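**Q** Structure below; questions to follow.
Numbering (the numbering used here), first residue to last: -4 to 385.
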């Protein structure tokens, strides 16, 4: 069996960070920019020039744009969560002992989100369609995902009621507990009439080129019978047009509503495709390493400027009903540049009918509002989860 460096090994103890060689730790410190949205500019999150980003809370008092005195930042103690500058994140929790609300009353408050986001949602679609006019290589999609809003850099600030949270102090983590996935499959899939659409296992290899310093090329592959990768799709990172984060302080999960554009890449030459395939051909599938792939020493870069900076093994099950697509997936990711990896479990709902309606030429706002309320009714059921993290 080939030697596996310590930083690429899967830890037997999932709560214990993997060892990182001194050289990689130094490289990590040099490349990581904690105030940016990503640890590597080639893997950065891309927003359109006129994108809309919102964050608000919902709890027993309804929708609030400011943090109420009843909410408190609670530091997470788990070793598995992402640290920034040595600080573990905190999450917002309701600290008041209040009489438990009736479920119908809670659901009614939740549906108020439709009025809160409707105008921004329609505006974001109109802007995105204008920006994409004539470009059929872009595909818009509206999705809801579940996880937790993590807050950093707030522990030494004044009391919560006086704090002002800046956008760069918050990160939405889409990682959910394994027990939540089991709840989805056993309870929510049959309740909402979902059936399995497909199950897939793939590897995504992210590559960059020195002539495209701000672009990420995502190479999606399946494994052939001989154990080698077979490239079946190439695209670029998503462009975000709308991001709405909702902190649900009475629940153990938060929600993100996002409109983004999938970007196909159409200008690769035959020679460039050949260079990328050469990188993929040199990879070996290995379940014992983070990301599921390894390259011989010096083979993760081509002589023509292409280099691998991330590999990801994805196992996903996609369900569908008449109006929604539900994706439940597990990802095992490794960043070749900074020598770190992570395993995540994610749940995403693709709002098919709303997406189609909002791409019509003349949008009926009343219809959009009703469809949004219907979708939120389903999303409400997905917020029920056991304790998030301890």
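From the three backbone atoms N, C-alpha and C, an ideal C-beta is built for every residue, glycine too. Here the structure is a predicted model, which is why all the values come from computation and not from measurement.
So which of 372, 379, 380 has the shortest CA-CA distance to residue 103?
**A** 372
**Q** Three-state secondary structure (DSSP) at residue 353?
**A** helix
**Q** Could you pull the DSSP bridge partners for residue 70 from this structure?
**A** 85
**Q** What are the start and end residues of each continuous alpha helix (DSSP H) run of 4 or more residues lying completely inside the region 173 to 245, in chain order?
**A** 173 to 178
**Q** Assign residue 360 to one of two classes, buried (16 or more other C-beta atoms within 10 Å of its C-beta) or exposed (fewer than that).
**A** exposed
**Q** Quick check: the Cα distance between residue 270 and residue 301, rounded to an integer number of angstroms?
**A** 7 Å
**Q** Considering only DSSP beta bridges, list what residue 50 is partnered with.
**A** In the DSSP assignment, the residues bridged to residue 50 are 240.
**Q** Is it true that the region 84 to 91 meets the region 243 to 253, where meeting means three or more beta-carbon pairs spaced less than 8 Å apart?
**A** yes
**Q** Start and end of the beta strand (DSSP E) containing residue 314?
**A** Annotation for residue 314: the continuous beta strand (DSSP E) segment containing it runs 301 to 315.
**Q** Using only the alpha-carbon positions, how far apart do residue 325 and residue 110 sit?
**A** 33 Å
**Q** So, using beta-carbon positions, are residue 288 and residue 299 closer together than 8 Å?
**A** no
**Q** Please return the same chain residues whose Cβ sits closer than 6 Å to the Cβ of residue 437, not counting the five positions on each side in sequence.
**A** The chain is shown from -4 up to 385; residue 437 falls before or after that span and cannot be answered.
**Q** Which value, in whole angstroms, describes the spacing of the CA atoms of residue 44 and residue 97?
**A** 42 Å
**Q** Specify whether the region 258 to 277 and the region 196 to 207 touch according to this definition: at least 3 beta carbon pairs, one from each stretch, less than 8 Å apart.
**A** yes
**Q** On the three-pair Cβ rule with 8 Å, is the region 229 to 237 touching the region 202 to 221?
**A** Segments in contact, yes.
**Q** Among residues of its own chain, excluding the 5 on either side of residue 58, which ones have a beta-carbon nearer than 8 Å to its beta-carbon?
**A** 51, 52, 104, 107, 108, 111
**Q** Buried or exposed: where does residue 174 fall if 16 or more other Cβ atoms within 10 Å of its Cβ makes it buried?
**A** exposed
**Q** Which value, in whole angstroms, describes the spacing of the CA atoms of residue 386 and residue 236?
**A** Only positions -4 to 385 of the chain appear in the structure, and residue 386 is not among them; the question remains open.
**Q** Alpha carbon to alpha carbon, what distance is there between residue 63 and residue 146?
**A** 16 Å
**Q** Using the Cβ count rule (16 or more neighbours within 10 Å means buried), how would you classify residue 322?
**A** buried
**Q** Only counting the same chain, and skipping five residues up and downstream in sequence, which positions put a Cβ closer than 8 Å to that of residue 117?
**A** 353, 358, 360, 363
**Q** Suppose you measure from the CA of residue 343 to the CA of residue 320; what does that come to, to the nearest Å?
**A** 8 Å
**Q** Specify, as a first and last residue, the run of the alpha helix (DSSP H) that residue 256 falls within.
**A** Element bounds for residue 256: not the alpha helix (DSSP H) but the beta strand (DSSP E), 249 to 259.
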